[in-house]
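Engineer: In full-length UniProt numbering, the protein residues as written are 1 to 74.
(1) With distances taken between CB atoms, is the gap from residue 27 to residue 57 smaller than 7 Å?
(2) Using only CA atoms, which one of 13, 20 and 33 lies nearest to residue 71?
(3) Measure the Cβ-Cβ separation of residue 48 and residue 15 and say whether it is below 7 Å.
(4) Quick one: measure Cβ to Cβ for residue 40 and residue 30, integer angstroms, because I've assumed they're closer than 8 Å.
(5) Mind checking who residue 53 pairs with in its DSSP beta bridge?
(6) Using the Cα positions of residue 66 and residue 55, report the straight-line distance between them to the nearest angstrom.
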């Protein structure tokens, strides 16, 4: 997200829409991947009831990162 758009709650709105859609479709769990150091994403997921359930090394744009999977039951 462009830095000028941060702080308006757009990520939270988008995530809440995705959660509502998944719930309406009968999903029982939703997963989202991010990586260590992306603190805004981690804060967003945890504030919406997600839990960190997995970490593994991966590549992002050719750079090794610690990928993190967050899960929330619906």
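For each residue, glycine too, the CB sits at the ideal point set by N, CA and C.
Structural biologist: This is what the structure gives:
(1) Mapped onto the chain shown, residue 27 falls at position 27. Mapped onto the chain shown, residue 57 falls at position 57. No, the pair does not count as a contact, with Cβ atoms beyond the cut-off.
(2) Sequence index remark: in the chain shown, residue 71 carries index 71 (1-based). Comparing Cα positions, the closest option is 33.
(3) Sequence index remark: in the chain shown, residue 48 carries index 48 (1-based). Sequence index remark: in the chain shown, residue 15 carries index 15 (1-based). The answer is yes: Cβ separation under 7 Å.
(4) Here residue 40 refers to the residue found at position 40 of the chain shown. Here residue 30 refers to the residue found at position 30 of the chain shown. Actually they are not in contact, since the Cβ atoms of residue 40 and residue 30 sit about 19 Å apart, beyond 8 Å.
(5) Stepping through the chain shown from its first residue, residue 53 is reached at position 53. BP columns for residue 53 are empty, so no partner.
(6) In the chain shown, residue 66 corresponds to position 66, counting from 1. In the chain shown, residue 55 corresponds to position 55, counting from 1. Each residue's Cα considered, the two are about 6 Å apart.
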